[in-house]
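Using the working numbering, the first residue of the sequence shown is number 108, and each one after it goes up by one.
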Amino acid sequence: MGKPNSLRLIDDDSVTEQSSPKSFPDFQRIFPNEEACRTYLYTARFPNGFACPYCNWTGKPHRFQNQTDMLRCRSCKRNTRLTGGTIMQKSKVPLNTWFWGAFLVTSLTPGMSALQFQKMLGIKTIRDGVQHATQASCCDGTART
Ligand SMILES: [Zn+2]
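Structural data, given as structure tokens:
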């Protein structure tokens with residue numbers, strides 16, 4: 108006495124994980140909240156794990172519950188901000204908003220990569236951070252042949 112099953116199966120497009128979002132749903136899935144953005148920042152800046160910019164100590168830094176972007180070196184006890192050295196450093200705008208802006212620019216520009224996405228956010232790894240990015244002035248639009 109089984110009732111006919113009227114439920115339809117909806118085919119889920121199995122979405123492959125990618126490091127850089129290609130569409131708005133993609134973006135929302137990869138960066139659903141501040142925490143996801145922070146995690147991205149962390150791995151982008153410390154691809155080989157945390158390394159203290161002051162004393163070069165490596166390991167797992169202290170984290171703070173109320174200041175989630177703060178990392179404290181266990182050796183010299185100095186603090187490093189995840190957003191330090193990026194355009195997000197002195198901003199009170201949520202990380203999501205920055206990420207969204209960078210995503211818009213990189214996704215609308217052909218040939219932009221995940222690396223460009225990071226550059227938009229001003230993310231540098233600590234090793235590359237020695238060089239100051241002062242050549243950020245924008246193009247004037249003149250095209251050369
Ligand atoms: Zn240190």
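Don't be surprised by glycine CBs; every beta carbon is placed ideally from N, CA and C.
Given the structure is predicted, the values throughout are model-derived calculations rather than measurements.
Non-local C-beta neighbours of Thr190 in its own chain, meaning closer than 6 Å and more than five positions away in sequence, comprise Asp176, Gln196, ordered along the chain. Taking 3 residues as the shortest admissible run, the stretch 137-187 contains the following complete beta strand (DSSP E) segments, listed from N- to C-terminal end: 177-179.
Gln225 and Lys231 have their C-alpha atoms spaced approximately 8 Å apart. Closest in C-alpha terms to Val200, from the list Cys144, Ala151, Tyr149, Phe171, comes Cys144. Residue range 202-215 is occupied by the alpha helix (DSSP H) that includes Val212.
Gln223 and Thr150 have their C-alpha atoms roughly 16 Å apart. For Tyr161, the CB falls within less than 7 Å of some heavy atom of ligand 1. Tyr161 is classed as exposed because its beta carbon has fewer than 16 other beta carbons within 10 Å across all chains shown.
The Cβ-Cβ distance between Phe157 and Leu178 falls below 8 Å. In terms of Cα proximity to Asn173, the closest of Leu148, Glu142, Ser130, Ile194 is Glu142.
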